[in-house]
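S.K.: Pasting a structure here, questions to come.
Chains as they are written, first to last, in our numbering: chain A, 333 to 582; chain B, -8 to 437.
Written out as structure tokens, the structure is:
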């Protein structure tokens, strides 16, 4: 059984259809890259899989380990192991990063019937992972993403991914706004989490990230559909020839 | 509300005023003080009678129409008997915290057996209003304690006050323990009136907490309390007030404070229970270089109505004032913040800021924010801002996507929203005390 199965997905926002019958199958352990021009529906797909309000699913279904996801709230999907690294992580003044991480992690664990981590156990783990991602301790004491640079916000997303140990990671333009060094740190963080039981969907505009995080499958999205799928060579072709050739195909 | 008012006004107004007249006449023999003091009371009552309960056409009360919300003034509560004091004790134990010194008023009467007067240190004198009015040979003191303003509810309090706490802290004295004035209501369908007084000598430091609570069975009562405070030059006062009245109670609190030169005043006011609550503060920054920080929190649900009204009068140069109000309104609650900064002609270099923010959690929730500046000096730096809105959907989704339930996500965001106001409480123990109150409110919300 595939880990994620998206079938004939039609999605509207405020009466306008954004996804027009999208299909996608991701098996356990695979890394899929989704590329495509602005406005092709890549972020919409990530939002619909994670349960963001404001989207009307007019047809189709999304199955996670064979179970219908659309009936579940965002928190229930998170507890099942679905994680979205946001393209634009939000700033939350007044909630410290550490408090947020611990509350979220323990909420997920309890929803799965596991016991919550004790504070010392959690702190030890959070500090270890933060160090690997080159995140200073002082950042963990600040409000979530408040005053963080673009690169720091993205690293904070990867920190959460590493702590929560999700089964399906969706990375929405994790490379945007990163310089070469930050990109390498983020990519190393992602690669460290690759495993036969964990799948990833990497949404990006650029081939560059895929030099570091090498995908098993590459999809091209255009106008709300997957118009072509292939191996990592497809990303290189796109880099050379652009998206224009797919505009007509859609 | 307008309909009710229009329909009920003519008859009700007459009824309400007749009821108050009866209440004063009935209470007359029970009010301490004779001679000049009785005259002050009679004049104050006349002043009240001329205008009656404040209503929406009185600008200062336009959002809190007591003719609708209170309708009439209930008879004065009986002096608490032994069973009442026992019931009060349970409520006192719940709200007391170490290492504060308890000063307890039950149904408007000082309860020495429930208080810790014996634990007071050197340089701190605590007496009762009753003593001052009955035994003091100093008319000046009595006049000061019973001083009044044009506000009708303060006039009514001057007329009706049965007791209160009179605290005097000597010059230079630094209090290690907070003074905790606990107002307990045990009587139902009755009113009580207290008048307290605080004099903080020059250079003295003190923390005063006022809690308003009720014994288990008390309901439908009306509390009217006034505090007069004088903060000496270079003195420092932290004053925290938490209103946790019975769900159907009315509580009108007024405070008149004068702050001396280079003195610091830190006020925190929280209303999270009671049907109708108003806190009105009149703070005069009377001495050069005085500093005021006010933080206020209204936490409302169902049909609760809470009003925080503060007038900050910069009457001397180089004074600083910061007002920071936060309201969280659920159900059909209504929160009112009125803040006014006055800069008198002589108050050059005034630095005044006023911020009010309301978080509305339901479609029926209402927040009325009214900031006002009255500037008569030409070299000042004053500003205000007011916002209201719901919880940010994108933040809620971020939390949800991290596994937090909608309730938990809301609770975290509400705590964060209130955090800035609570951070303004100077004393760490009191910050924890305030945080615990918000956590209790959030828990009850689920």
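All C-beta atoms in this analysis are idealised placements derived from N, C-alpha and C, irrespective of residue type, glycine included. Quick caveat, the model's predicted, so the values are computed rather than measured.
(1) Mind listing the chain B neighbours of residue 422 of chain A? Cutoff is C-beta to C-beta under 7 Å, in chain order.
(2) Ordered along the chain, which non-local residues of its own chain (more than five positions away) have a Cβ less than 8 Å from that of residue 495 of chain A?
(3) Just confirm the distance between the C-beta atoms of residue 189 of chain B and residue 220 of chain B, as a whole number of angstroms; I'd bet it's less than 8 Å.
(4) With 8 Å as the C-beta to C-beta threshold (strictly closer), list the residues of the stretch 392 to 408 of chain A near chain B in chain order.
(5) Counting contacts by CB-CB distance shorter than 8 Å, is residue 395 of chain B in contact with chain A?
(6) Can you name the start and end residues of the beta strand (DSSP E) that residue 304 of chain B belongs to?
(7) Cβ of residue 427 of chain A less than 8 Å from any chain B Cβ?
(8) Could you tell me whether the Cβ of residue 456 of chain A comes closer than 8 Å to any Cβ of chain B?
(9) Please state the DSSP three-state secondary structure of residue 225 of chain B.
(10) Does the beta carbon of residue 451 of chain A sit closer than 8 Å to a beta carbon anywhere in chain B?
(11) Kindly indicate the opening and closing residues of the alpha helix (DSSP H) around residue 565 of chain A.
(12) Helix, strand or coil: how does DSSP classify residue 496 of chain A here?
(13) Starting from residue 359 of chain B, trace the beta strand (DSSP E) in both directions and tell me its first and last residue.
(14) Between the Cα of residue 380 of chain B and the Cα atoms of B/407, B/386, B/349, which residue gives the shortest distance?
(15) Under 8 Å Cβ-Cβ, which residues of chain A neighbour residue 280 of chain B?
(16) For a contact meaning CB atoms closer than 7 Å, what does residue 410 of chain B contact in chain A?
(17) May I ask you to report which of helix, strand or coil DSSP gives residue 402 of chain B?
(18) Let me see if you follow: with CB-CB separation under 8 Å, is residue 541 of chain A close to chain B or not?
(19) Kindly list, in the order they appear in chain A, the residues whose Cβ is closer than 7 Å to that of residue 407 of chain B.
(20) Which of helix, strand or coil does DSSP assign to residue 144 of chain B?
(21) With the cut-off set at 8 Å, would you say residue 338 of chain A and residue 414 of chain A are in Cβ contact?
(22) To the nearest angstrom, report how far apart residue 482 of chain A and residue 430 of chain A are at their CA atoms.
(23) Beta carbons nearer than 9 Å to chain B: which residues of the stretch 368 to 384 of chain A have them?
(24) I need the DSSP call for residue 74 of chain B, collapsed to helix, strand or coil.
(25) Would you call residue 424 of chain B buried or exposed, if buried means 16 or more other Cβ atoms sit within 10 Å of its Cβ?
(26) Would you kindly check if the distance between the Cβ of residue 18 of chain B and the Cβ of residue 151 of chain B is under 8 Å?
(27) How about residue 200 of chain B and residue 148 of chain B: are their beta carbons less than 8 Å apart?
(28) Strictly under 8 Å for the Cβ-Cβ distance: is residue 492 of chain A near chain B by that measure?
(29) Kindly indicate which three-state DSSP category residue 450 of chain B falls into: helix, strand or coil?
(30) Compare the C-beta of residue 582 of chain A with all C-beta atoms of chain B and state if any pair is closer than 8 Å.
M.R.: From the atom records:
(1) Within chain B, the residues near residue 422 of chain A are 385, 386, 389.
(2) Its chain contains 433, 437, 457, 458, 461 as the residues whose beta carbon lies nearer than 8 Å to that of residue 495 of chain A, once the 5 sequence neighbours on both sides are disregarded; these appear in chain order.
(3) Rounded, the Cβ-Cβ distance is 4 Å, consistent with contact.
(4) Those would be 405, 406, 407, in chain order.
(5) So, interface residue.
(6) Boundaries of the beta strand (DSSP E) harbouring residue 304 of chain B: 296 to 305, taken from the DSSP string.
(7) True, the Cβ-Cβ gap to chain B drops below 8 Å.
(8) At a cut-off of 8 Å, the C-beta of residue 456 of chain A has no neighbouring C-beta in chain B.
(9) DSSP places residue 225 of chain B in coil when its eight states are reduced to three.
(10) No, residue 451 of chain A does not count as interfacial toward chain B.
(11) For residue 565 of chain A, the enclosing alpha helix (DSSP H) has its first and last residue at 564 to 573.
(12) Residue 496 of chain A sits in a helix when the DSSP states are folded into three classes.
(13) Segment 357 to 366, the beta strand (DSSP E) holding residue 359 of chain B.
(14) It is B/349.
(15) Listed along chain A, no residue sits closer than 8 Å to residue 280 of chain B by beta-carbon distance, the nearest being about 31 Å off.
(16) The answer, in chain order, is 426.
(17) In the three-state DSSP reduction, residue 402 of chain B falls in the helix class (H, G or I).
(18) So, not an interface residue.
(19) What residue 407 of chain B touches in chain A: 424, 425, 426, 427.
(20) Correct three-state label for residue 144 of chain B: helix.
(21) In this structure, residue 414 of chain A does not lie closer than 8 Å to residue 338 of chain A by Cβ.
(22) Residue 482 of chain A and residue 430 of chain A: Cα-Cα distance of roughly 19 Å.
(23) Residues of the stretch 368 to 384 of chain A with a Cβ closer than 9 Å to any Cβ of chain B, in chain order: 379, 382, 383, 384.
(24) Here residue 74 of chain B sits in helix by DSSP.
(25) Its Cβ being crowded by 16 or more others within 10 Å, residue 424 of chain B is buried.
(26) In contact: residue 151 of chain B and residue 18 of chain B (Cβ atoms closer than 8 Å).
(27) With a cutoff of 8 Å on beta-carbon distance, residue 200 of chain B and residue 148 of chain B are scored as not near each other.
(28) Between residue 492 of chain A and chain B, the shortest Cβ-Cβ separation is below 8 Å.
(29) There is simply no residue 450 of chain B to check, as chain B begins at -8 and stops at 437 in what is shown.
(30) Its pLDDT being 49, under 50, residue 582 of chain A is placed unreliably in this model, and the value from its coordinates should be taken loosely. By this cut-off, residue 582 of chain A is not an interface position.
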